[in-house]
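S.K.: Starting off with a structure, shown below.
2 protein chains.
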Amino acid sequence: MAVEEVLSDLKKKIEEKLPNGTTISSVEFEGPQLVVYTEEPKKFADNGNIVRNLAKALRTRIVVRPDPRVLMPPEESIGKILETVPDESGVSNHHFDPDVGEVIIEAEKPGLVIGKHGETLREITKKIGWTPKVVRTPPIKSRTVQNIREFMRTNHKDRKDILKSVGRKIHRGCTSKDEWVRVTSLGGAKEVGRSCFIISTPESRIMIDCGVNVGSDDNMTPYLYVPEAYPINQIDAVVLTHAHLDHQGLVPLLYKYGFEGPIYCTPPTRDLMALLQLDYIDVAAKEGKRPPYSSADVREGLKHTIVLDYEEVTDIAPDIKLTFHNAGHILGSAVSHFHIGDGLHNVVVTGDFKYEKTRLFDAAVNRFPRVESVIMESTYGNSNATQPSLQEAEKNLQNIVNSTLKKDGIVLIPAFAVGRSQEVMIVLEDAIRKGIIPNVPVYLDGMIWEATAIHATYPEYLNNDLRKLIFQKGQNPFLSECFKPVDSNELRQKIIEEPHPCVILSTSGMMNAGPVIEYFKAFAENENNTLVFVGYQADGTLGRRIQKGWKEIPLSTNKGTFVVKMNMNVEVVDGFSGHSDRRQLMDYIKKMKPRPERVYTEHGDERSCIDLASSIHKRNKMETKALTNLETVRLV
Amino acid sequence: MAVEEVLSDLKKKIEEKLPNGTTISSVEFEGPQLVVYTEEPKKFADNGNIVRNLAKALRTRIVVRPDPRVLMPPEESIGKILETVPDESGVSNHHFDPDVGEVIIEAEKPGLVIGKHGETLREITKKIGWTPKVVRTPPIKSRTVQNIREFMRTNHKDRKDILKSVGRKIHRGCTSKDEWVRVTSLGGAKEVGRSCFIISTPESRIMIDCGVNVGSDDNMTPYLYVPEAYPINQIDAVVLTHAHLDHQGLVPLLYKYGFEGPIYCTPPTRDLMALLQLDYIDVAAKEGKRPPYSSADVREGLKHTIVLDYEEVTDIAPDIKLTFHNAGHILGSAVSHFHIGDGLHNVVVTGDFKYEKTRLFDAAVNRFPRVESVIMESTYGNSNATQPSLQEAEKNLQNIVNSTLKKDGIVLIPAFAVGRSQEVMIVLEDAIRKGIIPNVPVYLDGMIWEATAIHATYPEYLNNDLRKLIFQKGQNPFLSECFKPVDSNELRQKIIEEPHPCVILSTSGMMNAGPVIEYFKAFAENENNTLVFVGYQADGTLGRRIQKGWKEIPLSTNKGTFVVKMNMNVEVVDGFSGHSDRRQLMDYIKKMKPRPERVYTEHGDERSCIDLASSIHKRNKMETKALTNLETVRLV
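First to last, the sequence lines map onto chains E and U.
Letter by letter, the first sequence follows residues 1 to 636 of the UniProt record's numbering.
Letter by letter, the second sequence follows residues 1 to 636 of the UniProt record's numbering.
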């Protein structure tokens, strides 16, 4: 059936199901959802069940939009909005988008704008015609979030075209008589870095992740030139499990190559992705390397990004439905569930995941309506790769901080901007608040503060305890006074030139670049200071050299190479990883409901992937296999 | 390096290596070979070593052609040719092709035209300028061979363009830094029928076989629509292991889809392929089905076919060399050896093969300069799939024939036109000649006689004993007087209406169509007659029903359906198969030199492929795997 026919068919069905006297003017696909235009938005707003029932009956996501003719002028509308919402909601900004009939309302307490079951929103619609969309006023101002929202507004016309075209492709209908599902590994199999997989059926092709291996020049990019991926417009959509560069760092390259399809990810993943991509370009330029793409390609990707919240079942291809679930790895990280065909097959791609509740996140989800195949990460898949518990890690860190501060020393913690930094921040804030460690300043340098701002923008993506703390107790740990963002060269110089007991969290995590180097140069020679590693240090990085015990460390700066004498203490605190350790990996599968039939391992060195696959096979009597780059396996 | 540069570079190198005073006018790629044009063909002809040494030094196939300016007019030339060759050579035809400067000489004894080490040929070149090419005068006239030769002559201009373009693509040079080799199964894995595999590297993609599953409407074609094969012009070349429809039946479809690349196969495979493709169209039309392609597509394929003899090492892509070896399965069947990269990997694709010397062919080759991976057929891969020896089978057949003829009965043998028919013919001829069975007529109906004519055209593809019999003893069994081709409806009617003791070999092999039905209808009710199966009868065929013991067999003809009463004897003679039995499959790998590292099984039902893979693994401690359709495995 041609899309036009599908649409007119849907319109007829909707009209049949509407209460008497309710009319619609047109229907159109927009990305994965069906937009219903009406001249009577009030009637729809009156009855919250209409849309819910329609969505259920038609098995698709539906939004109702006012026909542009019934919209109240913006200047009048904003008055009505402010009249309707309670003052405590703290509306801080708004923006009218006539193309979609939407008004974006930025509020400190979005819940109050939404109202119980969306009551207040419906009231607004009834009064002004516009469809209100509520976003949170970030408690910490994030340049990234601000820029992205601004960018989306500026490009709303392009975006509307993109969404319409994506929507029509999703609803193009199935044509093949064959039924099969296969998975091709283009990167990240028996290795870490450049994760990239393709799920394909006779109807469609979905790319999952498109990472860059920043640690390797030879094997930097996935095998994107093979026929399964090239030319790139054969791909229907890109699905991103989370925002780390080894999972999304080359997405802008796809657009540089002419990709025109959508990216699906969670809202935090979109924002963190943009932040990390722009930083990647920056770092490459600073290292004198030619970045593989430009900021224009990053923006092109953003324009094509469709965000989905956890648990939203969404059509992303004629025969594929995607649902994200919490993965517990970093903010917005998602276990991705693909339902293929009409009950033909269900495959779960874990992405990186933590199967344990942490300070920031709930444990990764492993309950699904159905699942036959699982593709899972294996970073700590090796049988000896158990990690200390989080409590042990916290205690360990507290002790190190205490003993260093007792000597009036400085604690320097190299950390990645996204993920471990925020975990360590919460641990430190908690310890300071409870008086376990002294109330010293915790300096945050590099991109850590910006990444934290993004975390603060999306509290609904943090775990229950943290959310309660923020919303019910009004106590946002990220806003604690102990945190001091290093937002100028002057402040950094002051910290270095006037050393005082403090904790410094700074990028980069493996000490191969970033402001951490400045601090290290300044503090390495004093034996009262301590360098604390909370993350993995890869071969060839400065961090690894220090761990190996180098005592004299050559460093090159603008002014030439000189040698740093290494006197400060070096400590390693394991257990803060965002990855499941071996036990958790095994448990995740063992306790998965329903029990899967087959498990494929990836994202780990060769030994870890093979060891995990073989252990799961032995323990659970499931078919397992360690995936191999450039190989294709058949699920059905 | 651009092709033009490569060519001028090659020209320089050739000029450096030529003896003093020998000049060349130009060089050009033509398919896989390098053509050197000279105004002094006599000098090259004088010294047979020049070309041999050049080919060795440049590691490519070289032919020397006279510059058109030095060619003697054809009418004079033919006189010189007849003067030069001995009368006994029996020159029966000739054809001058000014585009390539060649004269095709058809002779009864090509060896005499060629002379010792090519002496006579060189003498001819010296005298007339033209390059002589010698083909055998077919001892039995084959319409197919004749038509193909005529077609190639008529289309020599197109062919020259095709060969030039293919040649330039082969020599386009390598560009990728990556090194990998992978194999994708598009058909024929864990099944028999629609064999189709792709070997790919970063530089090139080779399709091996492209068969049709004539027995299945649902799974008739390989998965040609997947990105590894579609669009089809990403494929560099198609390599055919042999001429059976399940290995080449859909090749014309590739040309219908716009394929422009070459087909590589042996000369007999080309001729048998054309015969079987045209028959396939014919049969489909007769059954009221729409054939998937037309005879124009068959011709397009022929135009793009480049024939290679056994043991000729040939560049077919910038990084792939192909060598065919005898496979012992049917006339021209080839074990295909691919040398990939500069020593990177060697993979042997067996195609269908018989690892035992038969009446017609030598045992399949399993010695190679190097081999790491083997992709092998598994028709009789199951552990209980042993077959009687050929001697037993022969004796068995002789006994059945004798006992039937004793009762004045008729022996009816349904058989495939290509392969088993000729084997059975030789067995019967031998038995008649030696007086083991009475000298009765052996009627050949259907395409058997035409296929036999093609066998007779290529005695160099038969085994040593048979070649000796034909060339040294002048005793060609195919020409024996006992064979009576049924070349008219009248003769067939006569055989039916005036029954007399005889043997009838007729297509089709599974009795689902063809003249065998006519004979069956006529002879089934007489209990003195015998029906002898020498080949496999698939489910759903008339042959299988008879084997199951049906006593009343409904047959539909133009005049409606009627029932044949089944009184004739039914016998099954196993052991004439062109496939290796289980023991031979195991031995083929065990005795392979050098020892391969990995073995992949295909071309067998699921159980046979898995059983064989697992047995080879256990017996030889090699990595093995049964391939799966739509999966890709990595060899390097």
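The beta-carbon is built from N, C-alpha and C at its ideal position, and this holds for glycine as well.
With a threshold of 6 Å on Cβ separation, who are the neighbours of E:Phe471 within its own chain once the five nearest residues in sequence on each side are excluded?
M.R.: Closer than 6 Å at Cβ, skipping near neighbours: no residue.
S.K.: With a threshold of 8 Å between beta-carbons, can E:Thr137 be considered close to chain U, or not?
M.R.: Output row for E:Thr137: interface = no.
S.K.: CB-CB under 6 Å to E:Thr305, same chain, minus the five flanking residues each way: which ones, in chain order?
M.R.: Cβ within range, chain order: Ile263 and Arg270.
S.K.: Which residue marks the beginning of the beta strand (DSSP E) containing E:Pro66, and which one marks its end?
M.R.: Note, E:Pro66: beta strand (DSSP E), Arg61 to Pro66.
S.K.: Within a Cβ cutoff of 8 Å, which residues of the same chain sit near U:Asn233, ignoring the five residues on either side of it in sequence?
M.R.: Same-chain partners within the cutoff: Gly258, Phe259, Glu260 and Gly261.
S.K.: Pick from E:Leu163, E:Val238 and E:Val214: whose alpha carbon is nearest that of E:Ile198?
M.R.: It is E:Val238.
S.K.: Taking CB distances under 8 Å as the criterion, tell me whether E:Val347 reaches chain U.
M.R.: With 8 Å as the cut-off, E:Val347 does not count as an interface residue toward chain U.
S.K.: The alpha helix (DSSP H) with U:Asn147 in it runs from where to where?
M.R.: U:Asn147 -> alpha helix (DSSP H) spans Arg143 to Thr154.
S.K.: Could you tell me the distance, in whole angstroms, from the CA atom of E:Glu518 to the CA atom of E:Ala451?
M.R.: Cα-Cα distance, rounded: 21 Å.
S.K.: Short of 7 Å in beta carbon distance, which residues of its chain neighbour U:Lys303, apart from the five on each side in sequence? Order them along the chain.
M.R.: Once the five neighbours on either side are set aside, the close Cβ partners of U:Lys303 are Asn155, Asp158, Arg159 and Ile162.
S.K.: Could you tell me which uninterrupted alpha helix (DSSP H) segments, each at least 4 residues in length, are contained entirely in the segment 514 to 597 of chain E, listed from first to last along the chain?
M.R.: DSSP runs (the alpha helix (DSSP H)) wholly in the segment 514 to 597 of chain E: 516 to 523, 542 to 547 and 582 to 590.
S.K.: Going by beta carbon distance, what residues of the same chain come within less than 6 Å of U:Asp178, once the five residues before and after it are set aside?
M.R.: Contacts found: Pro202.
S.K.: Skipping 5 residues on each side, what residues in its chain have a beta carbon closer than 8 Å to that of E:Ala285?
M.R.: Counting only Cβ-Cβ distances below 8 Å, and skipping sequence neighbours, we find Pro291.
S.K.: Should U:Asp309 be counted as a contact of the ligand FMN given a C-beta to heavy atom distance under 7 Å?
M.R.: This structure simply doesn't include the ligand FMN, nor any ligand for that matter.
S.K.: Name, going along the chain, the residues of the UniProt region "Metallo-beta-lactamase C-terminus" (578 to 636) of chain E whose beta-carbon falls closer than 9 Å to a beta-carbon of chain U.
M.R.: Those would be Thr628, Asn629, Leu630, Glu631, Thr632, Val633 and Arg634, in chain order.
S.K.: DSSP on U:Asp611, reduced to helix/strand/coil?
M.R.: Looking at U:Asp611 - three-state DSSP - the assignment turns out to be helix.
S.K.: Just the C-alpha distance for U:Glu106 and U:Asn620, rounded to the nearest angstrom, thanks.
M.R.: Approximately 49 Å between the Cα atoms of the pair.
S.K.: Does DSSP classify U:Asp161 as helix, strand or coil?
M.R.: Note: U:Asp161 maps to helix in three-state DSSP.
S.K.: Of the residues E:Pro596, E:Gly21, E:Arg122 and E:Leu7, which one's Cα is nearest the Cα of E:Arg370?
M.R.: Nearest C-alpha to E:Arg370: E:Pro596.
S.K.: In terms of residues, what are the limits of the beta strand (DSSP E) holding E:Val347?
M.R.: Its beta strand (DSSP E) spans residues His345 to Val349.
S.K.: Since E:Arg182 meets chain U, which of its residues come closer than 8 Å, beta carbon to beta carbon?
M.R.: Within chain U, the residues near E:Arg182 are Leu630 and Glu631.
S.K.: Sorted by chain position, which residues of the same chain lie with C-beta nearer than 6 Å to U:Val6's C-beta, five sequence neighbours on each side aside?
M.R.: These residues qualify, in order along the chain: His171.
S.K.: Please report the straight-line C-alpha distance between U:Thr22 and U:Arg52, rounded to a whole angstrom.
M.R.: Straight-line Cα distance between these residues: approximately 15 Å.
S.K.: Can you pull the chain E neighbours of U:Glu191, defined as C-beta to C-beta under 7 Å?
M.R.: In chain order: nothing, as chain E lies at least about 14 Å away.
S.K.: Roughly how far, in whole angstroms, is the beta-carbon of U:Arg65 from the beta-carbon of U:Gly90, given that I think they are within contact range, below 8 Å?
M.R.: U:Arg65 to U:Gly90, Cβ: 27 Å. No contact.
S.K.: So E:Asn489 is in the beta strand (DSSP E); what residue range does that whole segment cover?
M.R.: Here E:Asn489 belongs to no beta strand (DSSP E); instead the alpha helix (DSSP H) covers Asn489 to Glu497.
S.K.: Could you name the residues of chain E that U:Pro291 contacts, counting a contact when the two beta carbons are closer than 8 Å?
M.R.: The premise fails here: U:Pro291 is roughly 20 Å from chain E at the closest Cβ pair, so nothing lies under 8 Å.
S.K.: Using a Cβ cut-off of 8 Å (strictly closer), state whether E:Glu228 contacts chain U.
M.R.: At least one chain U Cβ lies under 8 Å of E:Glu228.
S.K.: Taking contact to mean 3 or more Cβ pairs, one atom from each stretch, closer than 8 Å, check whether the segment 436 to 452 of chain E and the segment 395 to 413 of chain E are in contact.
M.R.: Yes, since at least three Cβ pairs between the segment 436 to 452 of chain E and the segment 395 to 413 of chain E fall closer than 8 Å, the two stretches touch.
S.K.: Within its chain, find whatever has a CB closer than 6 Å to the CB of E:Ser373; leave out the 5 residues flanking it on each side and keep chain order.
M.R.: So the list reads Val347, Arg598 and Leu635, once near-sequence residues are dropped.
S.K.: Would you mind working out which of U:Glu525, U:Gly540 and U:Asn558 sits nearest U:Lys551, comparing C-alpha positions?
M.R.: If we check each option's Cα against that of U:Lys551, U:Glu525 comes out closest.
S.K.: Is DSSP giving E:Phe471 helix, strand or coil here?
M.R.: If DSSP states are grouped into helix, strand and coil, E:Phe471 belongs with the helices.
S.K.: If we cut at 8 Å on Cβ distances, does E:Gln146 have a partner in chain U?
M.R.: False, the Cβ-Cβ gap to chain U never drops below 8 Å.
S.K.: Using DSSP's beta-bridge definition, name the partner residues of E:Leu444.
M.R.: According to DSSP, which records beta bridges pairwise, E:Leu444 is partnered with E:Pro485 and E:Leu505.
S.K.: Sorted by chain position, which residues of the same chain lie with C-beta nearer than 8 Å to E:Glu356's C-beta, five sequence neighbours on each side aside?
M.R.: Within the same chain, E:Glu356 has close Cβ partners Gly328, Ala363, Leu390, Ser580 and Gln584.
S.K.: Going along the chain, which residues of its own chain have a beta-carbon closer than 7 Å to the beta-carbon of E:Asp611, five neighbours each way excluded?
M.R.: So the qualifying residues of the chain are Gly381, Asn382 and Ser383.
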